[in-house]
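Chemist:
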Amino acid sequence: MDAITDLDPKRHRAYCQIHAMTRAEERGLDLDAVDVATIEEAIEALRPAWLVRGQDRYWFNVRHRDVRCRVLYDARLVCIVTVVRDRRRG
Numbered sequence: 007m008d009a010i011t012d013l014d015p016k017r018h019r020a021y022c023q024i025h026a027m028t029r030a031e032e033r034g035l036d037l038d039a040v041d042v043a044t045i046e047e048a049i050e051a052l053r054p055a056w057l058v059r060g061q062d063r064y065w066f067n068v069r070h071r072d073v074r075c076r077v078l079y080d081a082r083l084v085c086i087v088t089v090v091r092d093r094r095r096g
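Here the sequence shown is numbered in our numbering, starting from 7 and rising by one per residue.
1) Under DSSP, the alpha helix (DSSP H) around V42 begins and ends at which residues?
2) With DSSP as the reference, label R97 as helix, strand or coil.
3) Which residue from R53, L37 and R17 puts its Cα closest to that of R69?
4) Three-state secondary structure (DSSP) at R82?
5) So, does the stretch 83-93 touch the stretch 43-54, judging by three or more C-beta pairs under 8 Å?
6) How would you call A20, buried or exposed, if buried means at least 16 neighbouring beta carbons within 10 angstroms?
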């Protein structure tokens, strides 16, 4: 285990959210803490439809401010881990 995964879940979640916002900025996506929370809430609302036993991380296609992107979501931590622009879909 590394230093990040040894953290308590709340701290680990905060690091993941900061990482996601940093990556979004690096990739030219305008994503702030409110946007992250809104996307996480939308994903969680559909949790029964996508949850698979034994799997923690999932990729979701998201439209954010008219830009299509993909977010990597951690179901165990209940947070977005990273975000990338979906170049295939605009």
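Glycine included, C-beta positions come from ideal geometry on N, C-alpha and C.
Modeler: Taking the geometry as given:
1) Sequence index remark: in the sequence shown, residue 42 carries index 36 (1-based). A39 to A51 is the span of the alpha helix (DSSP H), which, as asked, contains V42.
2) As displayed, the chain neither begins before 7 nor continues past 96, which places residue 97 out of reach and without an answer.
3) The residue you call residue 69 lines up with position 63 of the sequence shown. Nearest C-alpha to R69: L37.
4) Reading the sequence shown from its first residue, position 76 is the one you call residue 82. Coil, per DSSP.
5) Contact holds: three or more Cβ-Cβ distances are below 8 Å.
6) Working through the sequence shown from its first residue, we reach residue 20 at position 14. So A20 counts as exposed.
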